[in-house]
Every structure is written in C-alpha cells, then in structure tokens.
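Worksheet for the structure shown next.
Numbering (my numbering), first residue to last: 192 to 391.
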C-alpha cells in the first residue's frame, strides 16, 4: 500500500534511516523506503545492527535477494520483523521463488526497543541465522539452499492485503522509522571487520 520514495532514506552521523509515512505518491496513500546494493555477493557472512519501529501491517527487513529484475532465478535470504509483534523476527529463504525454512524467533528486549545484531552465514552446504550472536536456525538440505549471488537490501514497507502474515494494516499516525548502525559482508575465510562479527 506504499510507494518507494528515496526521500525516506537518510544517512546521518553514520546511521541509515528508512521510514514509512502517510504521504500520497502516485496512486497510493503511503510512502516507504528501500535501499539495495549494486554489487552481488555470494557465500559469506552477512550482518546488520538495526532497530525497527512498531505497527501492525508493516515489515522491516534486512535480506539478500536476486531475481527476474536481474535476469536471475529468485533466491532470497531474510530477516523480517513483522512490526505487529517486534518481540520476534522471521527468518526464511526463497529458492527459485518458493518460500522455505520460515521460523519466528525471539528478539530479546524487542526489535523496536534497541539495536540488535542480525546475521546469516551462507555456505555451499549450510545456511545459519543468528540473532545477537546466538544461532537461531540452520538449514543443511541441499534443495533448500540458495545458489545464486545476491544483492543486500534493507526495506520498510506496509500492506493492506497480507493480513494473515503482517497483521491488519493500521495507519501509524506518524512516521515510523527503522535505523541501521552497521552492515557488513565478509567472504568466507576473510578477516573479520569488527570485534563482534560472526566471522571472528
């Protein structure tokens, strides 16, 4: 129910902010934000330190993705905070456009109450998700592992239609923002880039 707006992506004092607000753009009543890398990344350690907002019908996500827009099959690896309940984050992946491995996991203290560390380690023979350094999910089935290099994304968006998943949309009444303090990709076998990294 929202239109992407570059005006809702901001970088200030080293913190990336993506926002959702009531602002009519084109044929939609709300505006939302997404950012993606141009570069594609393969096996390695993907990490972000972020804080979400709260509100039913919104999705705050850190993920990797490649698909038909880039003339590739749809592969994806996700952390999605369905902000109707920011005490949890959904981890999952898509292989050839089919959802796999979905699991809701706890975020101690809440995704919206402070900054939390989210990371996944993607290897040829396994995929592991971590929240605040703790392993929360692992997949080793070869049929459920992505194989195509992907771009890194952050997004904050809303929907009137995906109510069973994201909750009934409720106008938040004011701007909702997710903040990202850090994002990193470390190829397998490369030195870690900061002390708390899963690559260390």
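For glycine and all other residues, C-beta sits at the position ideal for the given N, C-alpha and C.
As a quick exercise: from the options, pick the residue whose alpha carbon is nearest that of residue i.
i	options	result
residue 273	282, 266, 259	282
residue 392	372, 381, 361	The question about residue 392 has no answer here: the residues shown for the chain are numbered 192 through 391.
residue 249	373, 386, 381, 352	352
residue 323	300, 233, 226	300
residue 387	356, 321, 368, 333	321
residue 237	296, 228, 243	228
residue 212	349, 271, 297	349
residue 206	355, 345, 356	345
residue 334	192, 365, 302, 266	266
DSSP on residue i, reduced to helix/strand/coil?
i	result
residue 386	coil
residue 377	strand
residue 314	coil
residue 338	coil
residue 308	strand
residue 320	strand
residue 355	helix
residue 290	strand
residue 197	helix
residue 269	strand
residue 281	strand
Identify, in the order they occur along the chain, each residue of the same chain with its Cβ nearer than 8 Å to the Cβ of residue i, setting aside the five sequence neighbours on each side.
i	result
residue 264	257, 258, 287, 288, 339
residue 293	281, 282, 283
Within the same chain, show all residues whose beta-carbon is closer than 6 Å to that of residue i, passing over the 5 residues directly before and after it, in chain order.
i	result
residue 269	254, 283
residue 194	216, 217, 219, 222
residue 363	246
residue 224	199, 200, 209, 210, 347
residue 314	234
residue 368	208, 210, 244
Using a Cβ-Cβ cutoff of less than 7 Å, which residues in the same chain neighbour residue i once the five nearest sequence positions on both sides are dropped?
i	result
residue 239	253, 309, 371, 373, 374
residue 377	235, 236, 383, 384, 388, 390
residue 290	283
residue 312	236, 319, 389
residue 305	242
(message) I'd like the ranges of any beta strand (DSSP E) spanning at least 3 consecutive residues and lying wholly in the region 213-253.
(response) The region 213-253 contains these whole beta strand (DSSP E) runs: 219-227, 235-242.
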